[in-house]
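These notes concern the structure reproduced below.
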Amino acid sequence: MELTEDIIRLQREVEAFARERLGGSGVERDREGVFWRDGWTACGEAGILGIPVPTACGGRGAGLLATIVAMETLGRNVDDLGLLFALNAHLWAGVIPIVRFGSETQRRRWLPTLLDGRSVAGHGATEPDAGSDVFSMTTSARRDGEDWILDGTKSFVANGPVADVLIVYATTDPALGEAGIASFLVPRETPGLSCSPPLDKAGLRSAPSGTVSMEGCRIPADGLLAKPGDGAACFNCSMEWERGAILAMHVGRMEKQLDDAIRFARERRQFGRPIGAFQSVANRIVDMKIRIETSRPLVHRIGRLKDEGRQAMMEAAIAKLHVSEAAVQSSLDAVQIMGSRGYLREGLVERDLRDALGARIYSGTNEMQRVLVARLLGLPSSLPARGPGDRPA
Ligand SMILES: Cc1cc2nc3c(=O)[nH]c(=O)nc-3n(C[C@H](O)[C@H](O)[C@H](O)COP(=O)(O)OP(=O)(O)OC[C@H]3O[C@@H](n4cnc5c(N)ncnc54)[C@H](O)[C@@H]3O)c2cc1C
26 MELTEDIIRL QREVEAFARE RLGGSGVERD REGVFWRDGW TACGEAGILG
76 IPVPTACGGR GAGLLATIVA METLGRNVDD LGLLFALNAH LWAGVIPIVR
126 FGSETQRRRW LPTLLDGRSV AGHGATEPDA GSDVFSMTTS ARRDGEDWIL
176 DGTKSFVANG PVADVLIVYA TTDPALGEAG IASFLVPRET PGLSCSPPLD
226 KAGLRSAPSG TVSMEGCRIP ADGLLAKPGD GAACFNCSME WERGAILAMH
276 VGRMEKQLDD AIRFARERRQ FGRPIGAFQS VANRIVDMKI RIETSRPLVH
326 RIGRLKDEGR QAMMEAAIAK LHVSEAAVQS SLDAVQIMGS RGYLREGLVE
376 RDLRDALGAR IYSGTNEMQR VLVARLLGLP SSLPARGPGD RPA
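In the numbering used here, the protein residues as written are 26 to 418.
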């Protein structure tokens, strides 16, 4: 389906911005695991962080499809995928839940600096013993007068080490399962909150992830984002948007890999001819192209559905699964086509592979996307119910 004039204009704007302000390979940041603060600030100044946010909340009101196209464009033109991952975690796990579940006061307090690049957001749902089974979380929220007290540990929190505010999911009553989950806005300076140094991840290394501990964190009543019973909806809303949009950067990255692979296969000569003349090399390139053409419509579809106010749970799960597997396979192909050069760190494709592997795990593992699709297709669930409000997977 054709993109609108407005979206094409945005696409050109984002491409020009990326070339001008987000150039450079970022190999050092990847090696050292360093967050690109200047890149982040530039994104804030250029209005990238406000693209999907309604104008009434201070954003650009461009919608999800426009944002997906913008992310695809960034993925194609920016080598530091860690920065783009951090940006997506901020938007889908932080900003959008505040837009959709926040009160007027919460929006006024947090959105201005989250949109202009002065602040960073993230969310804590996963725990050491609650990964795929996320709603079995044990981080507790109990009332103390008007306040809430949070205790627990959240693992693998994207942006955790640099975040100014975290959306923390906690249970107010484990016996209620999903129906007992609430979410809270927890400012970084909250007494009792601490975050580990960045975890030593295989990929997406310039997007710092950390373990967040909360010991008796006192949150005033106006820090409650989604009340008990609405926390799971807040989390699922965040995941539905994220699964579509975060994968868009990998579609862009696959386009860049394809261009590079074609150039390389034309220029590199062996046995007196360009390696692209060998069918086993050409076939890899053709497969890379097919993966892009099957991935792009899936992520665009989620944008269109959400912009029409429709559900996209099934579509988001399918897109997440398909695009992440495609990104891993195309990165493997790109490494192989480039031979020993593809195996070098400065060659960038080995980093693409490490970055893409994360996509099979974050936003719910690909195995869990299959479980979710099976449930949405009406198949019996393999998962136990944990409380009266539980919807398996
Ligand atoms: C780069 C990255 C960023 C992340 N960012 C965040 C973040 O910002 N906030 C946050 O809260 N979390 C974050 N996570 C954590 C992520 O959500 C979890 O890693 C994920 O949900 C899986 O949990 P787990 O790692 O504990 O694996 P487990 O749940 O222990 O799973 C281990 C294996 O068992 C499989 N498995 C488990 N249950 C089933 C089942 N029922 N059927 C079939 N297979 C199953 C899984 O698919 C997986 O292969 C991030 C992870 C990564 C890699």
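Glycine included, each C-beta is placed from N, C-alpha and C at the ideal position.
Kindly list the residues whose CB is nearer than 6 Å to the CB of alanine 67, restricted to its own chain and excluding five residues on each side of it in sequence; keep chain order. Taking the sequence shown and counting its residues from 1, the one referred to as residue 67 is at position 42. Taken in chain order, the residues that qualify are Arg46.
Just checking my contact of glycine 156 with tyrosine 194 at CB under 8 Å: how many whole Å lie between their CB atoms? What you label residue 156 is simply residue 131 of the sequence shown in a count that begins at 1. What you label residue 194 is simply residue 169 of the sequence shown in a count that begins at 1. 13 Å between Cβ atoms; not a contact.
Return the first residue and the last residue of the beta strand (DSSP E) that tryptophan 173 is part of. Within the sequence shown, the letter at position 148 stands for residue 173. Residues 172 to 183.
Among Gln304, Leu90, Arg125 and Leu346, which residue has its Cα nearest to the Cα of glutamate 27? Position 2 of the sequence shown, counted from the first residue, corresponds to residue 27. Residue Leu90 holds the alpha-carbon nearest to the alpha-carbon of glutamate 27 among Gln304, Leu90, Arg125 and Leu346.
Return helix, strand or coil for methionine 239, following the three-state DSSP convention. Indexing the sequence shown from 1 puts residue 239 at position 214. Looking at methionine 239 - three-state DSSP - the assignment turns out to be strand.
Starting from threonine 196, follow its DSSP beta bridges and name the residues at the other end. Stepping through the sequence shown from its first residue, residue 196 is reached at position 171. Threonine 196 pairs with Ser165 and Ile206.
How would you write the range of the alpha helix (DSSP H) that alanine 146 sits in, first residue to last? Walking along the sequence shown from the start, residue 146 turns up at place 121. Taken as a continuous stretch (DSSP letters only), alanine 146 belongs to no alpha helix (DSSP H), being part of the beta strand (DSSP E) at 146 to 149.
8 Å Cβ cutoff met for valine 237 and cysteine 220: Here residue 237 corresponds to residue number 212 of the sequence shown, with the count starting at 1. Here residue 220 corresponds to residue number 195 of the sequence shown, with the count starting at 1. Taking 8 Å as the cut-off, the beta carbon of valine 237 is found closer than this to the beta carbon of cysteine 220.
Assuming serine 349 is part of the alpha helix (DSSP H), what are its boundary residues? In the sequence shown, the residue the question calls residue 349 occupies position 324. Element bounds for serine 349: 338 to 363.
When you compare the CB positions of cysteine 282 and serine 356, do they come within less than 8 Å of one another, or not? Numbered from 1 along the sequence shown, position 257 holds the residue referred to as residue 282. Numbered from 1 along the sequence shown, position 331 holds the residue referred to as residue 356. According to the sequence as given, residue 282 is glutamine; it is not cysteine. In contact: glutamine 282 and serine 356 (Cβ atoms closer than 8 Å).
Buried or exposed: where does tyrosine 368 fall if 16 or more other Cβ atoms within 10 Å of its Cβ makes it buried? Start at 1 with the first residue of the sequence shown, and residue 368 comes out as number 343. Here tyrosine 368 is exposed. Its C-beta has fewer than 16 other C-beta atoms within 10 Å.
Taking the C-alpha atoms as reference points, what is the distance between proline 322 and glutamate 40? On the sequence shown, residue 322 is found 297 positions in, with the first residue counted as 1. On the sequence shown, residue 40 is found 15 positions in, with the first residue counted as 1. Their Cα atoms are separated by approximately 20 Å.
Close Cβ partners of proline 222 (< 8 Å) along its chain, the five nearest in sequence each way excluded: If you number the sequence shown from 1, residue 222 lands on position 197. Pro186 and Gly235.
Inside the region 30 to 103 only - beta strand (DSSP E) runs reaching at least 3 residues: Listed in chain order, there is nothing to give.
Which residue wins for smallest C-alpha separation from arginine 370, given the options Pro216, Ser165 and Glu53? One-based indexing of the sequence shown puts residue 370 at position 345. Selection Pro216, Ser165 and Glu53 evaluated against arginine 370 yields Glu53 as nearest (Cα-Cα).
Does the Cβ of glycine 170 have 16 or more other Cβ atoms within 10 Å, making it buried, or fewer, making it exposed? What you label residue 170 is simply residue 145 of the sequence shown in a count that begins at 1. Exposed is the call here.
Thinking C-beta only, is histidine 275 closer than 8 Å to serine 388? Working through the sequence shown from its first residue, we reach residue 388 at position 363. Working through the sequence shown from its first residue, we reach residue 275 at position 250. Not closer than 8 Å, so no.
As assigned by DSSP and simplified to three states, the class of proline 186: Locating residue 186 in the sequence shown gives position 161, where the first residue counts as 1. In the displayed model, proline 186 falls within a helix according to three-state DSSP.
Hey, leucine 139 and alanine 146 are a contact pair by Cβ (cut 8 Å); roughly how many whole angstroms apart? To locate residue 139, count along the sequence shown from 1; it is residue 114. To locate residue 146, count along the sequence shown from 1; it is residue 121. Right, their Cβ atoms sit about 6 Å apart.
Does the Cβ-Cβ distance between glycine 228 and arginine 376 come in under 8 Å? Position 203 of the sequence shown, counting from 1, holds the residue named residue 228. Position 351 of the sequence shown, counting from 1, holds the residue named residue 376. Going by beta carbons, glycine 228 and arginine 376 fall inside the 8 Å limit.
Within a Cβ cutoff of 8 Å, which residues of the same chain sit near leucine 35, ignoring the five residues on either side of it in sequence? The residue given as residue 35 occupies position 10 in the sequence shown. Same-chain partners within the cutoff: Ile76, Ala87, Ala91, Val94 and Ala95.
If you compare alpha carbons, which of Ala352, Gly107, Trp117 and Lys345 is closest to threonine 390? The count along the sequence shown starts at 1 and reaches residue 390 at position 365. Of the candidates Ala352, Gly107, Trp117 and Lys345, Lys345 places its Cα closest to the Cα of threonine 390.
According to DSSP, is proline 122 part of a helix, a strand, or is it coil? Stepping through the sequence shown from its first residue, residue 122 is reached at position 97. Proline 122: helix per DSSP, three-state reduction.
Run through the DSSP bridge pairs and tell me what valine 211 is partnered with. Here residue 211 corresponds to residue number 186 of the sequence shown, with the count starting at 1. Valine 211 pairs with Leu191.
For ligand 1, I want to know if glutamate 350 counts as a neighbour, meaning its beta carbon is within less than 7 Å of at least one of the ligand's heavy atoms. Working through the sequence shown from its first residue, we reach residue 350 at position 325. Relative to ligand 1, the beta carbon of glutamate 350 is positioned no closer than 7 Å to any heavy atom.
Under 8 Å between C-beta atoms of arginine 278 and glycine 100: Translated into the one-based positions of the sequence shown, residue 278 becomes position 253. Translated into the one-based positions of the sequence shown, residue 100 becomes position 75. Closer than 8 Å, so yes.
Check whether the Cβ of leucine 402 sits closer than 7 Å to any heavy atom of ligand 1, and report yes or no. Taking the first residue of the sequence shown as 1, we reach residue 402 at position 377. Not under cutoff, so the answer is no.
Use the C-beta contact count for isoleucine 121: other C-beta atoms within 10 angstroms, 16 or more gives buried, fewer gives exposed. Within the sequence shown, residue 121 is the residue found at index 96, counting from 1. It is buried - the Cβ of isoleucine 121 has at least 16 other Cβ atoms within 10 Å.
Going by CA-CA distance only, name the one from Ser263, Asp31, Glu152 and Asn102 that's closest to leucine 116. For this step, residue 116 is matched to residue 91 along the sequence shown. Ranking the options by Cα distance to leucine 116, first place goes to Ser263.
For serine 128, count neighbouring Cβ atoms within 10 angstroms of its own Cβ and tell me buried if that reaches 16, exposed if not. Within the sequence shown, the letter at position 103 stands for residue 128. Counting Cβ neighbours within 10 Å, serine 128 comes out exposed, since fewer than 16 surround it.
Burial state of isoleucine 33, where buried means 16 or more other Cβ atoms lie within 10 Å: Indexing the sequence shown from 1 puts residue 33 at position 8. So isoleucine 33 counts as exposed.
Please classify proline 297 as buried or exposed, where buried requires at least 16 neighbouring CB atoms within 10 angstroms. Locating residue 297 in the sequence shown gives position 272, counting from the first residue. According to the sequence as given, residue 297 is glycine; it is not proline. Around the C-beta of glycine 297, fewer than 16 other C-beta atoms lie within 10 Å, and the residue is accordingly described as exposed.
Consider the C-beta atom of threonine 151 and the heavy atoms of ligand 1; say whether any pair is separated by less than 7 Å. Within the sequence shown, numbered from 1, the residue matching residue 151 stands at position 126. With a cutoff of 7 Å, threonine 151 counts as near ligand 1, since its C-beta is closer than that to a heavy atom of the ligand.
Let me know if glutamate 318 comes out buried or exposed under the rule of 16 or more other beta-carbons within 10 Å of its beta-carbon. Counting from one through the sequence shown, the residue named residue 318 turns up at place 293. When all chains shown are included, glutamate 318 counts as exposed.
Given the structure, does alanine 118 come close to ligand 1, in the sense that its CB is under 7 Å from one of the ligand's heavy atoms? Counting from 1 along the sequence shown, the entry for residue 118 is found at position 93. Checking the Cβ of alanine 118 against ligand 1 gives yes.
Reducing DSSP to helix, strand and coil, say where serine 219 ends up. The residue you call residue 219 lines up with position 194 of the sequence shown. In the structure shown, serine 219 adopts extended strand secondary structure according to DSSP, grouped into three states.
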